[in-house]
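**Student:**
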Amino acid sequence: MTDPIRVLVVEDDPVAADAHVLYVGRVPGFTAVGKVHTGAQARRALDRTPVDLLLLDLHLPDTHGLRLARSLRAAGHHADVIAVTSARDLAVVREGVSLGVVQYVLKPFTFATLRDRLIRYAEFRAAAGEASGQAEVDRALAALRAPGPAALPKGLSAPTLERVTVTLRDHPGGLTAAGAAEAVGISRITARRYLEHLVEAGRAERAPQYGTVGRPELQYRWVTG
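Residue numbers (my numbering): 224 to 448.
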């Protein structure tokens, strides 16, 4: 058996960090060797723990993730990086390529999305020896650079998930399913499915809202920075 790929989770939000550690542990061939919440903690962890891959949030409280990646390269650390971010700036993507960022995962994401990226990274990492020709080189790179579309649970669509996500993030006090439905323009049942999906993905939390007649409603809040 080959040794598992060692992953360090670097994520400032504790709830998201716990979710990412859980996700990594569910993918065969990978193990989470720790979680840290700042760039400084990441540097100290890498000095004492062998790491193959960083699952790196780009927006850390003490530094930008790409700045951290650059400093790690200068210090002689060679761990690859999967960047986790809600930013969609393609200039940042291009900069990351030169710093060992092998994949980008946009928040919010599901376990299936991260599993796909990790499996593809493992396939790329496993390629060894001398390529027989251009086609074999292309296949090795395709495993890393051409992931398939992220799989959402049946009945959910990416555009609607984006709308629900933006709406929830724009309401820091939280929303009920009825409130989200009204804001997005979908049914309450549909809104609740998307909100529950965000909870399962570690991007939202829910708690009962008391003080009204009848059964308490669930209040959903966005939990990442």
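Backbone N, C-alpha and C fix where the C-beta goes; we use that ideal spot for every residue, glycine too.
Check the DSSP bridge columns for HIS282 and list the partner residues they point to.
**Tutor:** On the sequence shown, residue 282 is found 59 positions in, with the first residue counted as 1. In DSSP, HIS282 forms a bridge with HIS287.
**Student:** Less than 8 Å between the C-beta atoms of LEU281 and VAL232, yes or no?
**Tutor:** Within the sequence shown, residue 281 is the residue found at index 58, counting from 1. Within the sequence shown, residue 232 is the residue found at index 9, counting from 1. No.
**Student:** So, is PRO331 buried or exposed, given that buried needs 16 or more other C-beta atoms within 10 angstroms?
**Tutor:** Numbered from its first residue, the sequence shown carries residue 331 at position 108. With 16 or more other Cβ atoms within 10 Å, it is buried.
**Student:** Taking the runs of the alpha helix (DSSP H) that are 4 residues or longer, which of them lie wholly in the region 403-427?
**Tutor:** Segments of the alpha helix (DSSP H) lying fully in the region 403-427: 411-423.
**Student:** Would VAL238 and GLY397 be called neighbours here (beta carbons separated by less than 8 Å)?
**Tutor:** Position 15 of the sequence shown, counted from the first residue, corresponds to residue 238. Position 174 of the sequence shown, counted from the first residue, corresponds to residue 397. Their beta carbons are not under 8 Å apart, which means VAL238 does not touch GLY397 by this criterion.
**Student:** Tell me the rounded alpha-carbon separation between LEU441 and ARG416.
**Tutor:** Start at 1 with the first residue of the sequence shown, and residue 441 comes out as number 218. Start at 1 with the first residue of the sequence shown, and residue 416 comes out as number 193. The alpha-carbon atoms of LEU441 and ARG416 are separated by roughly 13 Å.
**Student:** From the DSSP output, in three-state form, read off GLU234 for me.
**Tutor:** Taking the sequence shown and counting its residues from 1, the one referred to as residue 234 is at position 11. In this structure, GLU234 counts as coil in the three-state DSSP scheme.
**Student:** Please go through the same chain and pick out, in chain order, the residues whose beta-carbon is closer than 7 Å to the beta-carbon of GLY262, but skip the five residues on each side of it.
**Tutor:** For the purposes of this step, residue 262 is taken as residue 39 along the sequence shown, with counting starting at 1. Cβ within range, chain order: LEU283, ASP285, THR286, LEU291.
**Student:** So THR308 packs on LEU329, CB below 8 Å; how close in whole Å?
**Tutor:** The count along the sequence shown starts at 1 and reaches residue 308 at position 85. The count along the sequence shown starts at 1 and reaches residue 329 at position 106. Yes, THR308 and LEU329 are in contact; Cβ-Cβ is about 7 Å, under 8 Å.
**Student:** Output needed for ALA406: all residues of its chain with C-beta closer than 6 Å, excluding positions within five of it in sequence on either side, in chain order.
**Tutor:** To locate residue 406, count along the sequence shown from 1; it is residue 183. Only THR390 meet the Cβ criterion.
**Student:** For ILE228, count the other beta carbons within 10 Å of its own beta carbon; 16 or more makes it buried, fewer makes it exposed. Which is it?
**Tutor:** As a working note, residue 228 is residue 5 in the sequence shown. ILE228 is buried by the Cβ-count criterion.
**Student:** Going by DSSP, what residue range makes up the alpha helix (DSSP H) through THR388?
**Tutor:** To locate residue 388, count along the sequence shown from 1; it is residue 165. Where THR388 is concerned, the enclosing alpha helix (DSSP H) stretches over 381-392.
**Student:** Sort GLY319, GLU234, LEU245 by Cα distance to GLU423 and report the nearest one.
**Tutor:** Taking the sequence shown and counting its residues from 1, the one referred to as residue 423 is at position 200. The residue with the shortest Cα to Cα distance from GLU423 is LEU245.
**Student:** What are the partner residues of ILE228, as DSSP defines its beta bridges?
**Tutor:** Residue mapping note: residue 228 aligns to position 5 of the sequence shown, counting from 1. According to DSSP, ILE228 bridges with PHE253.
**Student:** With a threshold of 16 other CB atoms inside 10 Å of the CB of LYS258, please say whether the residue is buried or exposed.
**Tutor:** Counting from one through the sequence shown, the residue named residue 258 turns up at place 35. It is buried - the Cβ of LYS258 has at least 16 other Cβ atoms within 10 Å.
**Student:** Helix, strand or coil: how does DSSP classify ALA263 here?
**Tutor:** Against the sequence shown, residue 263 aligns to sequence position 40. Helix.
**Student:** Spatial neighbours of ALA414 within its chain, please: C-beta separation below 7 Å, excluding the five flanking residues on both sides.
**Tutor:** Here the question's residue 414 lines up with position 191 in the sequence shown. These residues qualify, in order along the chain: VAL387, ALA400, ALA403, ALA404, VAL407.
**Student:** Name the one or two DSSP bridge partners that VAL328 has.
**Tutor:** Numbered from 1 along the sequence shown, position 105 holds the residue referred to as residue 328. Answer by DSSP bridge pairing, in chain order: VAL307.
**Student:** Apart from the five residues on each side of it in sequence, which residues of its chain come closer than 6 Å, Cβ to Cβ, to THR333?
**Tutor:** The residue you call residue 333 lines up with position 110 of the sequence shown. Only ALA424 meet the Cβ criterion.
**Student:** Can you give me the Cβ contacts of ARG411 inside the same chain, cut-off strictly under 6 Å, excluding the 5 residues immediately before and after it?
**Tutor:** By one-based count along the sequence shown, residue 411 stands at place 188. Answer for ARG411: ALA400, ALA401, ALA404, listed in chain order.
**Student:** When you compare the CB positions of HIS420 and PRO382, do they come within less than 8 Å of one another, or not?
**Tutor:** The residue you call residue 420 lines up with position 197 of the sequence shown. The residue you call residue 382 lines up with position 159 of the sequence shown. Their beta carbons are not under 8 Å apart, which means HIS420 does not touch PRO382 by this criterion.
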